[in-house]
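Participant:
In my numbering, the protein residues as written are 2 to 247.
#1: Can you tell which of 209, 147, 196 and 227 has its C-alpha closest to the C-alpha of residue 93?
#2: If we ignore side chains and look at the alpha-carbon of each, how far apart do residue 171 and residue 112 end up?
#3: Count the C-beta pairs between the stretch 219-233 and the stretch 198-205 that are closer than 8 Å, then say yes if the count reaches three, no if not.
#4: Looking at the structure shown, is residue 114 part of a helix, part of a strand, or coil, going by DSSP?
#5: One question on the structure: do residue 66 and residue 80 come within less than 7 Å of each other, judged by their Cβ atoms?
#6: Roughly how many angstroms separate the alpha carbons of residue 23 and residue 64, rounded to a whole number?
#7: Which residues in the same chain have their Cβ closer than 7 Å to the Cβ of residue 162, if we skip the five residues on either side of it in sequence?
#8: Can you give me the C-alpha to C-alpha distance between residue 20 and residue 33, rounded to a whole angstrom?
#9: Taking only the alpha-carbon atoms, compute the straight-line gap between residue 123 and residue 186 and give it to the nearest angstrom.
#10: Buried or exposed: residue 89, going by 16 or more other Cβ atoms within 10 Å of its Cβ?
#11: Residue 206 and residue 168 - do their beta-carbons sit closer together than 7 Å?
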């Protein structure tokens, strides 16, 4: 005698729903994983608006070409022999994230952009270092290419001297002093220049000291307390897409 009861209409509906929802859920997870992995590998495809939406995304996912020392001395620098080219528009507010009062409007100052680092990880061309330089300069974003001809290139033309440029975006004065100490003094320069900016360097020097005292590297310090969800690109991409559509 068979005592199995036939499935009810409700159980059949649940079975059909599960047959749809489980593959849909697994597909959604696979898509999210593919987006997260793909954009981390091809970070140049991340929209600039997404990079500007969160400092963690902008600093660490959109710019994965830095290396960090531990404990903090230099802090960080570009990876050696890094090359980035494309079109740069310094009037794009998302590149500098300015205050509304200083935000450019209706302008396009685009130019073909080429940025290269030497075989140590600093913005110098050619990549091979010399035994001696006339001028050694350390700075933050002042040192990267934000114009067709940089001020460092103009200085080199005007003085006729050999210049060693040491720098990375958001460096503090203490990063710059350490860069001079580690990489500049043994080049026997006639001049040493530190690009101090009174607008924020007094504040950021304190941030450098906090990181140094922590025993963590620069990235580890910034990632403390950052939630898993904040590190994901997908929510930021969805917010960006929603804003574009509506």
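Idealized CB from N, CA, C, for every residue including glycine.
Treat the numbers as computed from the prediction; the structure is a model and nothing was measured.
Facilitator: Quick answer:
#1: Mapped onto the chain shown, residue 93 falls at position 92. Taking only the C-alpha atoms, the option nearest residue 93 is 147.
#2: The sequence position of residue 171 within the chain shown is 170, counting from 1. The sequence position of residue 112 within the chain shown is 111, counting from 1. Between residue 171 and residue 112, the alpha-carbon positions lie close to 23 Å from each other.
#3: Counting Cβ pairs under 8 Å, fewer than three are found: no touch.
#4: As a first step, residue 114 must be located in the chain shown, where it is residue number 113. Residue 114 falls in the strand class under three-state DSSP.
#5: Position 65 of the chain shown, counted from the start, is the residue given in the question as residue 66. Position 79 of the chain shown, counted from the start, is the residue given in the question as residue 80. With a cutoff of 7 Å on beta-carbon distance, residue 66 and residue 80 are scored as near each other.
#6: Position 22 of the chain shown, counted from the first residue, corresponds to residue 23. Position 63 of the chain shown, counted from the first residue, corresponds to residue 64. CA-to-CA, the gap between residue 23 and residue 64 works out to about 36 Å.
#7: Taking the first residue of the chain shown as position 1, residue 162 is located at position 161. Hits under 7 Å: 135 and 136.
#8: Within the chain shown, numbered from 1, the residue matching residue 20 stands at position 19. Within the chain shown, numbered from 1, the residue matching residue 33 stands at position 32. So the alpha carbons of these two residues sit roughly 21 Å apart.
#9: As a working mapping, residue 123 is identified with position 122 in the chain shown. As a working mapping, residue 186 is identified with position 185 in the chain shown. If you draw a straight line from the Cα of residue 123 to the Cα of residue 186, it comes to about 16 Å.
#10: As a first step, residue 89 must be located in the chain shown, where it is residue number 88. Answer is buried; the Cβ neighbour count reaches 16.
#11: For the purposes of this step, residue 168 is identified with residue 167 of the chain shown, where counting begins at 1. For the purposes of this step, residue 206 is identified with residue 205 of the chain shown, where counting begins at 1. Between residue 168 and residue 206, the C-beta gap is not smaller than 7 Å, which leaves the two residues out of contact.
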